[in-house]
Amino acid sequence: MQSDKSRPTGPERIDKYEEHGLSGKQARVVVEKERGRTDEEVADALGMKVGTVKSHLARARAKYRDAQALVSLFEEKYDPEEVSRILLSGGEFVTPHGTLTASGWDTMPSTVFAESDANRDVVDRWALAPEDEPTGPLPDLTDLLDAQVDDRMLPVLAWFYAAPFASVIRKLGGGFPALNVYGGPESGKTETLAALTQMFGWDGTPFPASNTTARLTFAFSSSESAPVWFDNYSGECERLHKYLRLGYRGGTEARGNADGTVTEYQLLAPVVVSGQSALTDRACETRAISTEFVPASTRDEDCADAFASVRDADLQRHALTFYQYALTLSASELLDVWEHSRPPRDVREQGALTPEEATIVETVNFGLNIAERFSERADTGGFEVDEATKRQARTAAGVTFESS
Numbered sequence: 001m002q003s004d005k006s007r008p009t010g011p012e013r014i015d016k017y018e019e020h021g022l023s024g025k026q027a028r029v030v031v032e033k034e035r036g037r038t039d040e041e042v043a044d045a046l047g048m049k050v051g052t053v054k055s056h057l058a059r060a061r062a063k064y065r066d067a068q069a070l071v072s073l074f075e076e077k078y079d080p081e082e083v084s085r086i087l088l089s090g091g092e093f094v095t096p097h098g099t100l101t102a103s104g105w106d107t108m109p110s111t112v113f114a115e116s117d118a119n120r121d122v123v124d125r126w127a128l129a130p131e132d133e134p135t136g137p138l139p140d141l142t143d144l145l146d147a148q149v150d151d152r153m154l155p156v157l158a159w160f161y162a163a164p165f166a167s168v169i170r171k172l173g174g175g176f177p178a179l180n181v182y183g184g185p186e187s188g189k190t191e192t193l194a195a196l197t198q199m200f201g202w203d204g205t206p207f208p209a210s211n212t213t214a215r216l217t218f219a220f221s222s223s224e225s226a227p228v229w230f231d232n233y234s235g236e237c238e239r240l241h242k243y244l245r246l247g248y249r250g251g252t253e254a255r256g257n258a259d260g261t262v263t264e265y266q267l268l269a270p271v272v273v274s275g276q277s278a279l280t281d282r283a284c285e286t287r288a289i290s291t292e293f294v295p296a297s298t299r300d301e302d303c304a305d306a307f308a309s310v311r312d313a314d315l316q317r318h319a320l321t322f323y324q325y326a327l328t329l330s331a332s333e334l335l336d337v338w339e340h341s342r343p344p345r346d347v348r349e350q351g352a353l354t355p356e357e358a359t360i361v362e363t364v365n366f367g368l369n370i371a372e373r374f375s376e377r378a379d380t381g382g383f384e385v386d387e388a389t390k391r392q393a394r395t396a397a398g399v400t401f402e403s404s
């Protein structure tokens with residue numbers, strides 16, 4: 001480390017940091033922090049929001065290895081682990097724009113997101129970021145349920161709240177089902193899924209279901225804990241079918257590189273697929289939670305009003321609030337949620353369900369239980385779950401059974 005005498009002045013250090021890959025704003029924030037200022041003081045000095053300061057610091061740290069001039073703030077002892085996927089683990093939620101903890105955005109996290117050509121599509125679609133400070137009203141979950149008829153939203157809502165814990169469910173249950181939302185024109189599937197994906201951190205832009213093999217590989221491997229949405233599905237999407245089958249258990253796909261090496265990508269993303277038709281591949285269909293949305297002409301005015309209320313809420317605030325809540329859940333709490341999500345013992349012992357059906361039931365129940373706990377904590381409409389609700393949800397997902 002340089003002594004104070006030899007250390008360049010502020011403007012010189014800004015120039016030096018820019019030479020090593022930092023943006024001008026990132027460099028100015030770093031220099032202000034080197035002066036011992038708090039994030040709030042830096043924000044005031046530079047005319048920024050506190051969240052923006054935190055974001056610039058996080059992105060500067062992500063470039064640490066190439067920015068050797070960052071000796072006084074980051075020092076050699078700070079060497080965060082880099083991951084290439086959105087990940088909820090170890091008390092951190094690692095995203096393309098920063099790392100979140102239960103208490104807020106972390107300016108010195110142990111894990112950071114490493115951008116690459118492989119995850120560029122994910123980075124471009126991710127919205128939740130430290131510079132945003134959402135303060136609007138949270139969406140009411142009961143309004144969301146009322147946006148469709150006949151309990152059709154129940155399994156969809158359940159799946160989205162289970163999706164951040166897909167790896168937990170895979171470990172305990174053996175697989176994680178995709179979500180398949182289908183319906184004709186004006187059925188509301190695109191608008192609903194755009195809102196739901198925004199509620200979980202995205203900008204509401206789907207990936208095309210007919211993507212290339214490379215882009216499907218990258219999309220399926222660039223998130224482990226945030227739902228990835230593919231739209232405009234048709235029965236001819238054979239490449240997508242392959243990845244849905246592999247992704248059910250978190251399988252891998254190998255791809256060759258230009259230098260002759262081979263990279264293995266683990267397909268861990270929780271995936272939702274939408275289109276005018278249901279999944280046509282039998283193996284995919286049996287491993288998916290499927291629900292059909294109905295045209296607007298068959299829904300009443302109350303459905304439209306309910307969805308308008310959801311759309312007008314602060315969906316990014318929901319994302320921030322939910323992921324911070326998820327980070328408070330311990331392994332023992334998640335195991336308890338899982339145990340209360342399994343089919344009744346007599347149903348399991350009788351073999352009344354196939355393994356795939358059992359996983360669908362467990363995923364739906366898990367998501368409903370998480371949604372109820374979160375709703376109680378965050379006051380999102382008093383969403384309550386009882387056995388009747390779970391029965392309605394699994395019936396809407398196409399799984400029924402009788403228990404003594």
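With the numbering used here as the guide, the letters of the sequence shown map in order to residues 1 to 404. Note that the Cβ used here is the ideal one computed from N, Cα and C, for glycine as well.
Cα-Cα separation between residue i and residue j, rounded to whole angstroms
i, j, result
"Glu75", "Glu19", "Confidence at Glu75 is low in this model, with a pLDDT of 45, below 50, so the placement of that residue should be treated as unreliable; the coordinate-derived value is given next. If you take the alpha carbons of Glu75 and Glu19, they lie about 18 Å apart."
"Pro134", "Thr321", "10 Å"
"Ala45", "Gly24", "15 Å"
"Asn119", "Gly250", "18 Å"
"Ser72", "Tyr17", "With a pLDDT of only 49 at Ser72, under the threshold of 50, the placement of this residue in the model should not be trusted; the figure read from the coordinates follows. So the two alpha carbons sit approximately 12 Å from each other."
"Arg282", "Glu376", "38 Å"
"Glu301", "Gly173", "40 Å"
"Pro130", "Ile370", "25 Å"
"Arg299", "Phe307", "12 Å"
"Ser277", "Asp231", "11 Å"
"Glu384", "Glu372", "6 Å"
"Thr252", "Leu267", "6 Å"
"Thr363", "Thr400", "14 Å"
"Leu353", "Gly256", "40 Å"
"Thr190", "Ala358", "28 Å"
"Thr38", "Thr328", "26 Å"
"Gly21", "Val50", "23 Å"
"Val30", "Ala114", "20 Å"
"Ala219", "Gly104", "27 Å"
"Thr192", "Asp15", "47 Å"
"Gly260", "Ser116", "18 Å"
"Asn180", "Glu32", "49 Å"
"Gly351", "Ile360", "15 Å"
"Ser210", "Ala127", "23 Å"
"Pro355", "Thr205", "33 Å"
Distance CB(residue i)-CB(residue j) smaller than 8 Å
i, j, result
"Thr280", "Gly235", "yes"
"Leu57", "Ser225", "no"
"Tyr265", "Thr217", "yes"
"Ile289", "Trp202", "no"
"Tyr323", "Leu141", "no"
"Leu334", "Phe165", "yes"
"Ser309", "Asp132", "no"
"Arg61", "Pro80", "yes"
"Arg215", "Asp121", "yes"
"Ser341", "Phe366", "yes"
"Ser222", "Ser84", "yes"
Residues that residue i bridges to, as DSSP identifies them
i, result
"Asp410", "Beyond the ends of the chain as shown, which are 1 and 404, falls residue 410; an answer cannot be given."
"Trp159", "For Trp159, which the question treats as bridged, DSSP gives no partner whatsoever."
"Tyr233", "Gly275"
"Val228", "Val271"
"Ile289", "Leu179"
"Val112", "Glu82"
"Gly251", "Partner(s): none; Gly251 has no beta bridge."
"Tyr265", "Glu253"
"Phe207", "Phe230"
"Gly173", "Note: Gly173 sits in no beta bridge, so no partner."
"Gly24", "None, per the DSSP bridge assignment."
"Gly98", "Thr95"
Span of the alpha helix (DSSP H) around residue i
i, result
"Ser221", "213-221"
"Asn257", "That residue, Asn257, is in no alpha helix (DSSP H); it is neither H nor E in DSSP."
"Ala102", "No alpha helix (DSSP H) holds Ala102; DSSP gives it neither H nor E."
"Val385", "Note, Val385: premise wrong, no alpha helix (DSSP H); not H, not E."
"Glu238", "238-247"
"Asp312", "No alpha helix (DSSP H) contains Asp312, which DSSP labels as neither H nor E."
"Ser332", "331-339"
"Met48", "Segment: none, Met48 is in no alpha helix (DSSP H) and carries neither H nor E."
"Leu145", "141-145"
"Asp117", "That residue, Asp117, is in no alpha helix (DSSP H); it is neither H nor E in DSSP."
"Val294", "That residue, Val294, is in no alpha helix (DSSP H); it is neither H nor E in DSSP."
"Ala195", "189-199"
"Arg348", "345-350"
Residue interval of the beta strand (DSSP E) (run including residue i)
i, result
"Ser375", "Counting along the chain, Ser375 falls outside any beta strand (DSSP E), though it belongs to the alpha helix (DSSP H) covering 355-378."
"Ser89", "87-89"
"Phe93", "92-95"
query: Is it true that the segment 176-187 meets the segment 290-297, where meeting means three or more beta-carbon pairs spaced less than 8 Å apart?
result: The segment 176-187 is in contact with the segment 290-297.
task: Count the C-beta pairs between the segment 265-283 and the segment 309-317 that are closer than 8 Å, then say yes if the count reaches three, no if not.
output: Contact fails: fewer than three Cβ-Cβ distances are below 8 Å.
message: Within 8 Å, do at least three Cβ pairs link the segment 140-154 to the segment 389-403?
response: Short answer: they touch.
- prompt: Is there contact between the segment 143-152 and the segment 84-100, where contact requires at least three CB pairs shorter than 8 Å?
  reply: Result no; under three Cβ-Cβ pairs closer than 8 Å.
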